[in-house]
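Numbering (this note's numbering), first residue to last: 123 to 237.
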């Protein structure tokens, strides 16, 4: 049996762009991806603190050091530039693995940079 647990979280970053006419996904600064242990193409849940929206999409690598958090495609209608979001990924593990598993949680500053 497997259970789903928190794998990675980027806690409270600002949306810097919203591109409606794009294939879809969320573009995230590569520094943040590395720090959180997220991979390009990985499924993530986006929780918008400003309006309560929750959605799922996948990750695209953004320019390293840019602070970019860009919601692409139809999901761009669920955010406004400046909204605060939490980006979450989950992993399937056995209950035994879950007991010792430690998620990667990062807390970027108000410019989406690591302190």
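Quick reminder that beta carbons are idealized off the backbone N, C-alpha and C, glycines included.
Here the structure is a predicted model, which is why all the values come from computation and not from measurement.
- Ranking 182, 213, 233 by CA distance to the CA of residue 193 puts 182 first.
- Distance check between residue 204 and each of 130, 123, 125, 138 places 138 closest, using alpha-carbon atoms only.
- The Cβ atoms of residue 135 and residue 225 do not sit closer than 8 Å to each other.
- In the DSSP assignment, residue 153 falls within the unbroken alpha helix (DSSP H) covering 152–158.
- For residue 140, the enclosing beta strand (DSSP E) stretches over residues 139–141.
- Just measuring C-alpha positions, the residue of 130, 123, 161 sitting nearest residue 212 is 130.
- The criterion of a C-beta distance shorter than 8 Å is not satisfied by residue 158 and residue 125.
- Within the same chain, Cβ atoms closer than 8 Å to the Cβ of residue 196 are found at 142, 146, the five residues on either side in sequence being excluded.
- Counting along the chain, the unbroken alpha helix (DSSP H) around residue 221 starts and ends at 217–222.
- Separation of the CB atoms of residue 232 and residue 184 is rounded to 18 Å, and the pair is thereby denied contact status at 8 Å.
- With respect to the 8 Å criterion, residue 227 and residue 171 are not classified as neighbours on the basis of their beta carbons.
- Assignment of residue 187 by DSSP, reduced to helix, strand and coil, places it in the coil class.
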